Every structure is written in C-alpha cells, then in structure tokens.
Ligand code: AP5
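Residue numbers (the working numbering): 626 to 833.
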C-alpha cells in the first residue's frame, strides 16, 4: 500500500509527475488545487471562498482543505493507496492527515527558485486538464482536445511571488516533518520530466 504525498514549490512539477505516477502505480491522483479550481469553475460556495485566497496567492484555510481530503480518502478507490498533490501544505494539515491516513512516501521535487518562476510563467492550461509549457509546445491549442489554452489566474507575476513566499514560510517546513518520520525522499527536479519520473519510480519501487 502506497500513501504518497508530493512536496515541492509552486511550479516544481508536482502535477506533471503526479499524472505519470498515478498511471504507473494505478493510484488515485488527488490534487487539492484541481479540486478547488473545479469548484471555482462550477461557482460553488467552496469555490467562491477558495477564489478569494487563491487569487491572492494565499493558502485556503486548513480546516477547509483537510475536510476535502478526509472525504476524498474515504472513497473506495483509495483503499489500496493514494497520491496527494499539493496537500499537505502546512504542519497543521500534515498532523491532521496523520490521523486518518498513513504516508509511506513524501517525495520532495527539488527545483531552484529561478527555474520555478520560468516554469510557471510558461505554463499553459487546457480546460480538459492537460498542462503544457510554451518552451516545448508552441501551439495555442491543446493536443488532446483541440481547445484553446489559457494561463492560470494565479500564474500572474505578482501572485507567483506571494505563492513562493507562502511556500517558503508554511510548506517548506514539511520537509523536516517528513524527514523526522523517515519517509522523506528528495529528487532532483531540475532534470527533464522523464528523468525526474525515473528518480521517483526508483524511490517507489525500492520501498514497498
Ligand atoms: P496548486 O494547484 O497545488 O498549485 P502549486 O502547488 O502552486 O503548484 P502548481 O500547480 O503551480 O505547480 P506544479 O508543481 O504542479 O507544477 P506543474 O507540474 O504544473 O495550488 C494552487 C492554489 O490552491 C494555492 O496557491 C492555494 O491557494 C490553494 N491550495 C491548494 N492546495 C492547498 C492546500 N493543501 N492548502 C491550502 N491551500 C491550497 O509544472 C509547472 C510547469 O513546468 C508546466 O508548464 C510543466 O509543463 C513544466 N514542467 C514540469 N516539469 C518540468 C521539467 N522537469 N522540466 C521542464 N518543465 C517542466
């Protein structure tokens, strides 16, 4: 049973790697960012609340995201393992998670701050869930569904600066949290997507 959390700064490549990991290990990919964005799109009460935080680069309150993840992990597809992307993001969230799930691997994707800024600035999204980078995908349309790509609202320069500050203050301490528990695995995120995935697969295959 694998209980994986992906750590890493905004733009480090968590979503990119999560898709590959979920495919290879048949795990449900649970991204709190995706869940919140889909609520914003649907105009739910949760979405309206989340938008006020996300647009400013701040974290949505712990109790809100903990409740989302607790409900999601109670679903039958999580019985044999899970992959969390973007959760936990604070020590309080990590402590709550420990009460209802077992983390076997905390994979930290290590990327230089200058590189994450480049990755976020060049990221383009599709409403179908695909994500691209302008350096490797020059078309303004999605390869998968043909829709026009767009930039995430919180990928604007001033919001990115705030997200990075919040990451350093509130999320980076989780590296020590999981190291102390003996489940931290750092990977070099400065390599290509395939090379980063190879490092992660080595970690996951070697620690069943
Ligand atoms: P969330 O959606 O989780 O955003 P994030 O953590 O800031 O991460 P990103 O989605 O920006 O980046 P990523 O690491 O997934 O990188 P990606 O693979 O896309 O959260 C958004 C907001 O929601 C938060 O700010 C907060 O407000 C709220 N929220 C979410 N969870 C919360 C929680 N638990 N508590 C409270 N609030 C919460 O890659 C980035 C780009 O780089 C792409 O263009 C990609 O193609 C490219 N790329 C990826 N890997 C490589 C590589 N190896 N080489 C070159 N390019 C690469």
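Beta carbons: idealized from backbone N, C-alpha and C, even for Gly. These numbers were taken from a predicted model, which means no experiment stands behind them.
Apart from the five residues on each side of it in sequence, which residues of its chain come closer than 7 angstroms, Cβ to Cβ, to residue i?
| i | result |
| --- | --- |
| residue 822 | 642, 645 |
| residue 737 | 815 |
| residue 675 | 661, 664, 665, 685 |
| residue 637 | 734, 736, 741, 814 |
| residue 760 | 747 |
| residue 668 | none |
Who are the Cβ neighbours of residue i in its own chain at under 8 angstroms, not counting the five residues just before and after it?
| i | result |
| --- | --- |
| residue 835 | With the chain covering 626 to 833 only, the question about residue 835 has no answer from this structure. |
| residue 754 | 659 |
| residue 824 | 812, 813, 816 |
Out of the options, state which residue places its alpha-carbon closest to the alpha-carbon of residue i.
| i | options | result |
| --- | --- | --- |
| residue 730 | 637, 805, 638 | 805 |
| residue 696 | 655, 826, 757, 809 | 655 |
| residue 635 | 703, 817, 742 | 742 |
| residue 662 | 720, 779, 761, 649 | 779 |
| residue 752 | 773, 794, 638, 633 | 773 |
| residue 713 | 678, 818, 632 | 632 |
| residue 681 | 699, 777, 813 | 777 |
| residue 702 | 647, 775, 830, 653 | 653 |
| residue 640 | 698, 818, 775 | 818 |
Taking the Cβ atom as the reference point for each residue, do residue i and residue j lie within a distance shorter than 9 angstroms?
| i | j | result |
| --- | --- | --- |
| residue 800 | residue 709 | no |
| residue 835 | residue 787 | This structure cannot settle anything about residue 835, because the visible part of the chain is limited to 626 through 833. |
| residue 657 | residue 685 | yes |
| residue 785 | residue 683 | no |
| residue 757 | residue 744 | no |
| residue 793 | residue 649 | no |
Using a Cβ-Cβ distance under 9 angstroms, would residue i count as near chain C?
| i | result |
| --- | --- |
| residue 698 | You won't find chain C in this structure, because it holds only one protein chain. |
Could you tell me how far apart the beta carbons of residue i and residue j are, in whole angstroms, since I believe they sit closer than 8 angstroms?
| i | j | result |
| --- | --- | --- |
| residue 811 | residue 735 | 5 angstroms |
| residue 732 | residue 828 | 6 angstroms |
Among the residues of its own chain, which have a CB less than 6 angstroms from the CB of residue i, if the five just before and after it don't count?
| i | result |
| --- | --- |
| residue 651 | none |
| residue 621 | One cannot answer for residue 621 here, as it falls past the ends of the chain, which runs 626 to 833. |
| residue 809 | 731, 803 |
| residue 836 | This structure leaves residue 836 out entirely; the chain is present only between 626 and 833. |
**Request:** Determine contact between the region 688-696 and the region 779-799, defined as no fewer than three beta-carbon pairs at a distance below 8 angstroms.
**Result:** no
**Item:** Cβ contact check for the region 768-778 and the region 715-725: 3 or more pairs under 8 angstroms
**Value:** no
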